[in-house]
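Novice: With the working numbering as the guide, the letters of the sequence shown map in order to residues 21 to 1031.
Heads up, the beta-carbon is just placed ideally off N, CA and C, and yes, glycines get one too.
Dumping the structure here so I can ask a few things about it.
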Amino acid sequence: MPGLPRMHHCAKKALLIGLQYSTTLKEVDPVWELRGAHEDPKTVQQLLIDVYDYKAEDITILLDDPEHQYVWPTRENILAAMRDLVKGAQPGDHFVFSFSGHGSQVVNTDGTEEDGFDETLIPVDAILDPETNTFEGYIKDDDVRKIIVDSLPSGSRCVMVFDCCHSGTASDLPNVFSDGLASPCSPLTTFNPSRLPWKHSAASTDMEQISFQRTSAADRADDSAQFAWMRGHGRKRSLTMPPESPGPDVTSWSACMDSQITYGGRKGGFFIKALTDALRINPHQTHAELLQSVRRELAKYTAAHNMRRTGRGKGAEQHHPQAEPAMSPRAQGKATLSILRSFLIGTRHHLGAKYAKHVFESTAGPLYLSLSLIFLGFLLLHPRHNNMAIPTKRARTQEPDQSIAPSASKPTAQTCHLVKLPLELLADVLSYMPSTRDVLALARTSKHFCSVLVDKPATVFIWRHARARCVLGPIPELLPGMGEATYAAFLFDSGICENCGKRSQAQYYSFSLRVRLCEDMRKCLPAWRSSHLHEITQEDEVQYPDIIQWIPHMDRMDEYHRGKVYVRTDTWHKAIDERKRAYLLGQDAISAYVETKQVFADTLPGKMEIFKNLVQWRDNRQATRALYTQIGLATAKLHAGLIGSSKWEILQSPTYSGIHYAKLRCYEKWTEPEFETIKEVVIAEVAAQKKRKVVREQDLTLHRKRSESETEYARLRKADPKAIFPSFPEFRKLSVVKTVEASSSAKNASFTDPFVASLLKDNLDQWRDTARAALAVVLGFSGWKTMSKKKLHPVDRMTAQFRCKRCDAAGKDTGKDGGLDLARACEHICALSKKARNKQRWSAVYLVPDQRAVDAVSQVLELCGTKPESVDSFTIADSVGDRIQCTSCSLNMDARSVGRHCKRHEECIFALLPESGVSGERLIQHGLTAKLIEHTTEAASQRDEQAYGCRHCRPTPVNDQEPATHIQRRPKLMNFNGLRSHLKEKHGVEWIADEDFFLQKNSATPNSNRT
21 MPGLPRMHHC
31 AKKALLIGLQ
41 YSTTLKEVDP
51 VWELRGAHED
61 PKTVQQLLID
71 VYDYKAEDIT
81 ILLDDPEHQY
91 VWPTRENILA
101 AMRDLVKGAQ
111 PGDHFVFSFS
121 GHGSQVVNTD
131 GTEEDGFDET
141 LIPVDAILDP
151 ETNTFEGYIK
161 DDDVRKIIVD
171 SLPSGSRCVM
181 VFDCCHSGTA
191 SDLPNVFSDG
201 LASPCSPLTT
211 FNPSRLPWKH
221 SAASTDMEQI
231 SFQRTSAADR
241 ADDSAQFAWM
251 RGHGRKRSLT
261 MPPESPGPDV
271 TSWSACMDSQ
281 ITYGGRKGGF
291 FIKALTDALR
301 INPHQTHAEL
311 LQSVRRELAK
321 YTAAHNMRRT
331 GRGKGAEQHH
341 PQAEPAMSPR
351 AQGKATLSIL
361 RSFLIGTRHH
371 LGAKYAKHVF
381 ESTAGPLYLS
391 LSLIFLGFLL
401 LHPRHNNMAI
411 PTKRARTQEP
421 DQSIAPSASK
431 PTAQTCHLVK
441 LPLELLADVL
451 SYMPSTRDVL
461 ALARTSKHFC
471 SVLVDKPATV
481 FIWRHARARC
491 VLGPIPELLP
501 GMGEATYAAF
511 LFDSGICENC
521 GKRSQAQYYS
531 FSLRVRLCED
541 MRKCLPAWRS
551 SHLHEITQED
561 EVQYPDIIQW
571 IPHMDRMDEY
581 HRGKVYVRTD
591 TWHKAIDERK
601 RAYLLGQDAI
611 SAYVETKQVF
621 ADTLPGKMEI
631 FKNLVQWRDN
641 RQATRALYTQ
651 IGLATAKLHA
661 GLIGSSKWEI
671 LQSPTYSGIH
681 YAKLRCYEKW
691 TEPEFETIKE
701 VVIAEVAAQK
711 KRKVVREQDL
721 TLHRKRSESE
731 TEYARLRKAD
741 PKAIFPSFPE
751 FRKLSVVKTV
761 EASSSAKNAS
771 FTDPFVASLL
781 KDNLDQWRDT
791 ARAALAVVLG
801 FSGWKTMSKK
811 KLHPVDRMTA
821 QFRCKRCDAA
831 GKDTGKDGGL
841 DLARACEHIC
851 ALSKKARNKQ
861 RWSAVYLVPD
871 QRAVDAVSQV
881 LELCGTKPES
891 VDSFTIADSV
901 GDRIQCTSCS
911 LNMDARSVGR
921 HCKRHEECIF
931 ALLPESGVSG
941 ERLIQHGLTA
951 KLIEHTTEAA
961 SQRDEQAYGC
971 RHCRPTPVND
981 QEPATHIQRR
991 PKLMNFNGLR
1001 SHLKEKHGVE
1011 WIADEDFFLQ
1021 KNSATPNSNR
1031 T
């Protein structure tokens, strides 16, 4: 790599980053996932170790892997790793920085970008706005340059590689090169920092759209370091640093220009692969040579990618297995039959060439060589049965051009090559299916195969041969009047259990009666027999001998049915009704009835014989399936012992379970070479499942412990409603609670343990004492102590009102309900985002006194003739009742409502009314508003009641006939939502409070007035 010669006397460090976003941006939209990005850092790491003598311990890799085996590339971790990369850099040190992930652009605000945009790198914890496709928490190119480039001393070297979209100038270097680069930067030359400027190289493959211009010797004092400026679709940087100036040698290689996006696949990014392959071919290239080499390699990958997209090639990443010995025509036929059998019954072919070889050697079926080669080629070329991973493009940042329509003449990836197989070859293959069930499955895949296999009488022999060659023995002959396809559906289709109504995959319990029950018949069979089965008695034989001659009866001959004749109850009653109706209509109806039923009576013996043969064949099929199931489970247990797992763990392996159930459907057994071929894959899958199981069990344990904490928290609050408690997140941070949640089982630590309960009580008492002292400091009483029993603690006073600084800064309406008293301040949770709340802990330093509420309460207490610090202040304030009136809106209230109400007016002054001034006023029901605005069904029903009146609207007296008497008009009642609209429109009250309304419990008669 240019700038990284084989020098052993200097330090070499690398930082390699790869992001797939599989657990972050994928949850917003799966298109943002980059499934191959984790391969890029590993590819670069191997190159640095093999070619440039880097040590593994000097290479730092950041990956967002779900197993958390690497440090996650969050914004903070990436910035910290970048600082550590260049920390203590000395002249002669070599550094490599690689980033594979998403790149984006944001508007430049300082005017330093000619195109008006800054390039950004997207870390794993970046926040995406789906509506605008913009990110928060990105890393700008200015940050990359400031942390890495500006920190390098003269004489040091750094190579930066960006495989992400919009990365042409992601390192914010001043000079941009794209073609014709001939600067003397070969690692074989002597390093001279005065001759090597910072430079960018854009390895874009879109060469026709970019024009290049090389500077002349007259423009440069040093013509030995020629370079070309990028123009056209790229971006030209201003020369902010002259090439002759001393400094570090920093080179940035980017996968695309600022206005372009990049492509990648499941094996990694195209650009990283091209760069590493070019360097492995020739590690000592100049920048110009390497740029051209990378473009040549990119041309190969993009051409292969385009061929896969248009269906004209197999792909650039096709595997080439080792050549196997030549097989005989019979072996080729066996191979084709086995692969086709697996294909038709739904087995996915992802086992590789070695496993296919063992399948070839173990499967029977004589076919011709030409048939084998044709169909085997079909399977190898078919995109769904191809063992390679098809690369996918990077996340799309803009909608494609709708004006460019795909050509209809080009073949698509969904083309079915089986349709092109000649009918003779197709018929020969299908004749060796395990049963007609597989032929029926193929006929149902498309109209073409339905027409060929069902509608054409000439293809009936295919079904007939499949029935005769069934692996479980020949299937009995067709029922009269039933076609082959209908017969196959009659035998193998699923249906509804007649007893429980659930869908059952089992075959008919009785073919003659068309009875289907669940596979486990222990519950359904007795219930069905008692309600749907009728036994023919001697009386029935005497009374209805003609019906017994033609009505279908049970075809099973087990112990329960042996020697007896059973028919359907509903069919028997219908037959009796039909016979009676015919005899009531006269001789003509009787003759027609007898003639019709005679046809059924003539064919019944032959049908019953076929039905009995079908029952015998079905019982044999079930027994064989049970036998092969036991053999398969025993084999799975044996294979599980070989890899050190349990039987059920290996059956959960996708690869193993796919083959296991495929063999069960085909009634085949495992062979040792088959398992040896997939053994390593199964071991990896089982290991991954065990890890997921451990994580799942840990999550379940954590969830159970959290539920126990919630239950204990609710119990403590209910047991002592007047005590102050921290919020539940703070409650979980208590030492005892953390110990209980961290315990692996309930036996280690539990809240029911008396010792744990006493420790929890001590923890809560300590937390309350600390919180009270801290809140006293907030109110201005630092270190407050007193020996007097007549003075309240500052936080216990009525003037202890607080506000949250964080919520006020975030613009949250925390003051609409009067701020926070002591209890609400202790359990306050800021109305911030979940991510922000997780980083914050409760602290009194974020609280300030609610000065408006403090002043208003102090004013009211002075009117009541008491002081806030007096122990009798609450009793005296409560004795005043609702005689406190706001002079701004003339609303009466009690002292507890003052701190909330004072927020409605700029200057709020209160007056104390005489006792005669509040006669007829209804009492304030504290907490009623909070109860009514809850999102519960009970609160919704209460809001709809016409029982709420406005306290702002005074009762108007109405004169009676005698002037000495007055009658007060009944107040208007409305529902709660109507009351809120009334208060907002008539009285300008935005946020309803308890003092604004009253509840008349019995709306039929007004409440008795208070005297």
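1) Among the residues of its own chain, which have a CB less than 7 Å from the CB of aspartate 144, if the five just before and after it don't count?
2) Which residues does DSSP list as the beta-bridge partners of arginine 177?
3) Note down, one range per segment and in chain order, each alpha helix (DSSP H) of at least 4 residues found wholly within the region 487-571.
4) Quick one: Cα of proline 991 to Cα of arginine 920, how far?
5) Is it buried or exposed for asparagine 302, if we count other Cβ within 10 angstroms and need 16 for buried?
6) Taking Cβ to Cβ, would you say histidine 946 is nearer than 8 Å to aspartate 1014?
7) Between isoleucine 567 and isoleucine 596, how many whole angstroms is the CB-CB distance? I'm expecting something under 8 Å.
8) Going by C-alpha distance, which of Gln312, Asp278 and Ala308 is nearest alanine 294?
9) With a threshold of 8 Å, are at least 3 pairs of Cβ atoms found where one atom belongs to the region 993-1002 and the other to the region 905-924?
10) Going by the beta-carbon positions, is the gap between aspartate 78 and alanine 146 smaller than 8 Å?
11) Can you name, in chain order, every residue of its own chain whose Cβ lies under 7 Å from the Cβ of glycine 366, other than the five neighbours on each side?
12) Secondary structure at serine 763, three-state DSSP: helix, strand or coil?
13) State the Cα-Cα distance for the pair methionine 180 and aspartate 297, rounded to the nearest angstrom.
14) Report the rounded CA-to-CA distance for glutamine 558 versus alanine 646, giving the unit in angstroms.
15) Based on Cα-Cα distance, which residue from Ser673, Ile698, Thr691 and Lys738 lies nearest to valine 706?
16) Can you tell me the Cβ-Cβ gap for glutamate 555 and valine 535, rounded? I've got them flagged as a contact below 8 Å.
17) Taking leucine 881 and asparagine 912 to be in contact with their CB atoms under 8 Å, please state how far apart those CB atoms are, rounded to whole angstroms.
18) Look at the Cβ atom of proline 61, then the Cβ atom of isoleucine 98, and state whether they are nearer than 8 Å.
19) Can at least three beta-carbon pairs, one atom from the region 797-812 and one from the region 774-789, be found at a separation below 8 Å?
20) As a quick exercise: from Thr132, Val891 and His304, pick the residue whose alpha carbon is nearest that of valine 71.
21) For phenylalanine 822 versus alanine 851, is the C-beta distance shorter than 8 Å?
22) For glutamine 945, which of helix, strand or coil comes out of DSSP?
23) What is the C-beta distance between valine 459 and leucine 450, in whole angstroms, given that I count them as a contact (C-beta under 8 Å)?
24) Do glycine 267 and cysteine 184 have their CB atoms nearer than 8 Å?
25) So, at 7 Å on beta carbons, what are the nonlocal neighbours of leucine 1032 in its own chain, with the 5 sequence-adjacent residues on each side left out?
26) Do leucine 812 and valine 760 have their C-beta atoms closer together than 8 Å?
27) Which same chain residues end up closer than 6 Å to arginine 488 when comparing Cβ atoms and leaving out the 5 residues on each side of it in sequence?
28) Which one or two residues does DSSP pair with asparagine 912 in a beta bridge?
29) Give me the Cα-Cα distance between alanine 486 and aspartate 513, rounded to the nearest whole angstrom.
30) Please report the residue range of the alpha helix (DSSP H) in which threonine 655 lies.
31) Which value, in whole angstroms, describes the spacing of the CA atoms of cysteine 205 and leucine 141?
32) Give the secondary structure of lysine 1034 by DSSP, where H, G and I count as helix, E and B as strand, and everything else as coil.
33) Count the CB pairs spanning the region 783-793 and the region 750-759 that are closer than 8 Å, and state whether there are at least three.
34) Can you check which of these residues, Gly839, Ala843 and Phe930, is closest to cysteine 884 by C-alpha distance?
35) From Cys928, Glu935 and Cys909, pick the residue whose C-alpha is nearest to that of histidine 1007; which is it?
36) I need the straight-line Cα distance from serine 466 to threonine 282, nearest angstrom please.
Specialist: Quick answer:
1) The sequence as given places valine at residue 144; aspartate does not occur at that position. If we look at valine 144 and ignore the five residues flanking it on each side, its Cβ neighbours are Leu39, Tyr41, Thr44, Asp84, Trp92, Pro93 and Thr94.
2) His114 and Asp269
3) 504-512, 541-552, 558-563 and 565-570
4) 25 Å
5) exposed
6) yes
7) 7 Å
8) Gln312
9) no
10) no
11) In this prediction, glycine 366 scores a pLDDT of 38, lower than 50, which makes its location untrustworthy; the coordinate-derived value is nonetheless stated afterwards. Excluding sequence neighbours, glycine 366 sits near nothing in its chain.
12) coil
13) 17 Å
14) 40 Å
15) Ser673
16) 15 Å between Cβ atoms; not a contact.
17) Going by Cβ atoms, the distance from leucine 881 to asparagine 912 rounds to 17 Å, so no, they are not a contact pair.
18) no
19) no
20) His304
21) no
22) coil
23) 5 Å
24) no
25) Residue coverage of the chain in this structure runs from 21 to 1031, which leaves residue 1032 outside it and unanswerable.
26) no
27) Per the sequence shown, the amino acid found at residue 488 is alanine instead of arginine. Closer than 6 Å at Cβ, skipping near neighbours: Pro494.
28) Gln905
29) 17 Å
30) 607-663
31) With a pLDDT of 32 at cysteine 205, under the threshold of 50, the modelled position of that residue is not reliable, and the figure given next carries that caveat. Rounded to whole angstroms, cysteine 205 to leucine 141 spans 28 Å at the Cα level.
32) An answer regarding residue 1034 cannot be provided, because it is not within the stretch 21 to 1031 covered by the chain.
33) yes
34) Phe930
35) Cys909
36) 38 Å
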